[in-house]
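*Asks:* Just passing along the structure, written as structure tokens.
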Amino acid sequence: MTGSATPQPPEAGGTISAEEYTLAMRRVVSPVAVITAAHGGERNGLTATAICSATTEPPTVLVCINREASALRLVDGAGSFAVNFLSETQSDIARAFSTRGLAGETRLRLGSWTTLVTGVPVLTGAVSTFDCVVAESIPVGTHQILLGRVVGVTSGEDSALLYRDGFFRRVAPE
Ligand SMILES: Cc1cc2nc3c(=O)[nH]c(=O)nc-3n(C[C@H](O)[C@H](O)[C@H](O)COP(=O)(O)O)c2cc1C
1 MTGSATPQPP EAGGTISAEE YTLAMRRVVS PVAVITAAHG GERNGLTATA
51 ICSATTEPPT VLVCINREAS ALRLVDGAGS FAVNFLSETQ SDIARAFSTR
101 GLAGETRLRL GSWTTLVTGV PVLTGAVSTF DCVVAESIPV GTHQILLGRV
151 VGVTSGEDSA LLYRDGFFRR VAPE
């Protein structure tokens with residue numbers, strides 16, 4: 001075969017290290033969310049940036065959760081989760097939900113929480129919240145990639161909390 005270059009699989013060379021990947025990814029600005037879950041009377045969540053819109057029809061979000069995160073067991077058990085995109089005034093909540101091993105109820109003492117459709121905690125004053133039923137769960141490396149069918153939604157007017165290079169940041173005008 002001649003002509004266009006064919007993408008090479010990793011085993012054919014062209015791999016990069018986890019360090020190189022992390023260094024480049026740290027430069028990328030991301031909105032910050034807390035993914036929440038509830039099951040069997042237990043509630044918890046984690047701060048996450050590996051989140052994006054997957055499809056509009058049907059309304060579906062994609063989230064990536066490390067298999068060591070304690071909230072994943074609740075997501076799996078209930079088959080549901082919520083994505084709460086934080087406002088710029090909610091960085092204390094982002095810190096609590098990314099402090100390893102804190103109890104769910106300790107984290108949830110910060111902020112005011114309600115529920116929409118699934119019964120998962122949803123944060124009052126968040127920029128946007130998406131209440132989801134798990135449509136698919138795919139293991140990839142260290143993480144579980146979840147597709148969540150959105151069954152409830154809220155949105156507000158506040159400015160989003162961002163993350164880049166190890167710091168929480170605010171949107172600044174051009
Ligand atoms: C800015 C930021 C973004 C993060 N993004 C993710 C993510 O997308 N997925 C994930 O599994 N963990 C992510 N984490 C790590 C979890 O928030 C952290 O490991 C959390 O403590 C896990 O909950 P646990 O302590 O209850 O297990 C992120 C942490 C920070 C500070």
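Heads up: the sequence shown runs through residues 1 to 174, numbered per full-length UniProt numbering. Where a beta carbon is used, it is the ideal one built from N, C-alpha and C, also for glycine. Keep in mind that this is a model prediction, so the values were computed, not measured.
1. Can the beta-carbon of Val-75 be found closer than 8 Å to that of Val-133?
2. Can you list, in chain order, the residues of its chain with a C-beta nearer than 6 Å to that of Leu-116? Leave out the 5 residues immediately preceding and following it.
3. Taking the straight line between their C-alpha atoms, what separation do you get for Asp-158 and Val-127?
4. How many Å lie between Leu-86 and Leu-72 at the Cα?
5. Buried or exposed for Ala-103, please, with buried defined as at least 16 other CB atoms from any protein chain shown within 10 angstroms of its CB.
6. On the three-state DSSP scale, how would you describe Ile-16?
7. In this structure, does DSSP put Met-1 in helix, strand or coil?
8. Within 10 angstroms of the Cβ of Gly-45, are there 16 or more other Cβ atoms? Answer buried if so, exposed if not.
9. With C-beta atoms as the reference, is Ala-38 less than 8 Å away from Gly-141?
10. Using the DSSP secondary-structure output, state which residues sit across from Asp-131 in a beta bridge.
11. Leaving out five residues before and five after His-143 in sequence, what residues of the same chain have Cβ atoms less than 8 Å from its Cβ?
12. Mind pulling the beta strand (DSSP E) runs of 3 or more residues that sit fully within the segment 47-96?
13. Leaving out the 5 sequence neighbours to the left and right, which residues in its chain are closer than 7 Å to Ala-54 when beta-carbon positions are compared?
14. Could you tell me if Thr-15 is buried or exposed, where buried requires 16 or more neighbouring beta carbons within 10 angstroms of its beta carbon?
15. Among Arg-149, Arg-107, Ile-145, Thr-129, which residue has its Cα nearest to the Cα of Pro-31?
16. May I ask you to list the residues that DSSP assigns as paired with Tyr-163?
17. Find the nearest neighbour of Ala-82 within the set Thr-124, Arg-27, Arg-170, judged by alpha-carbon distance.
*Replies:* Put simply:
1. Start at 1 with the first residue of the sequence shown, and residue 75 comes out as number 75. Start at 1 with the first residue of the sequence shown, and residue 133 comes out as number 133. No, these two residues do not count as a Cβ contact at 8 Å.
2. As a first step, residue 116 is located in the sequence shown; it is residue number 116 there, counting from the start. Same-chain partners within the cutoff: Val-122, Asp-131, Gly-152.
3. By 1-based counting over the sequence shown, the position of residue 158 is 158. By 1-based counting over the sequence shown, the position of residue 127 is 127. Rounded to whole angstroms, the separation of the alpha carbons of Val-127 and Asp-158 is 6 Å.
4. As a working mapping, residue 86 is identified with position 86 in the sequence shown. As a working mapping, residue 72 is identified with position 72 in the sequence shown. Going by the C-alpha atoms only, they are around 20 Å apart.
5. Numbered from its first residue, the sequence shown carries residue 103 at position 103. It counts as exposed.
6. Taking the sequence shown and counting its residues from 1, one reaches residue 16 at position 16. Note: Ile-16 maps to coil in three-state DSSP.
7. Reading the sequence shown from its first residue, position 1 is the one you call residue 1. Confidence at Met-1 is low in this model, with a pLDDT of 40, below 50, so the placement of that residue is unreliable and no value is reported for it.
8. Residue mapping note: residue 45 aligns to position 45 of the sequence shown, counting from 1. Burial call: buried.
9. The residue you call residue 38 lines up with position 38 of the sequence shown. The residue you call residue 141 lines up with position 141 of the sequence shown. For Ala-38 and Gly-141, no; Cβs fall outside 8 Å.
10. The sequence position of residue 131 within the sequence shown is 131, counting from 1. Asp-131 pairs with Ala-82, Gly-152.
11. Indexing the sequence shown from 1 puts residue 143 at position 143. Excluding sequence positions up to five before and after His-143, its CB lies within less than 8 Å of the CB of Ala-50, Cys-64, Ile-65, Asn-66, Arg-67, all in the same chain and listed in chain order.
12. Fully enclosed beta strand (DSSP E) runs of 3 or longer: 51-55, 60-66, 80-85.
13. The sequence position of residue 54 within the sequence shown is 54, counting from 1. Cβ neighbours of Ala-54 beyond the five flanking positions: Thr-60, Val-61, Leu-62, Leu-147.
14. Here residue 15 is taken as the residue at index 15 of the sequence shown, counted from 1. Classification of Thr-15: exposed, given that the 10 Å Cβ count is below 16.
15. Along the sequence shown, read from residue 1 onward, the residue named residue 31 stands at position 31. For Pro-31, the nearest C-alpha among the options comes from Thr-129.
16. Start at 1 with the first residue of the sequence shown, and residue 163 comes out as number 163. Ser-30, Phe-168.
17. Residue mapping note: residue 82 aligns to position 82 of the sequence shown, counting from 1. Taking only the C-alpha atoms, the option nearest Ala-82 is Thr-124.
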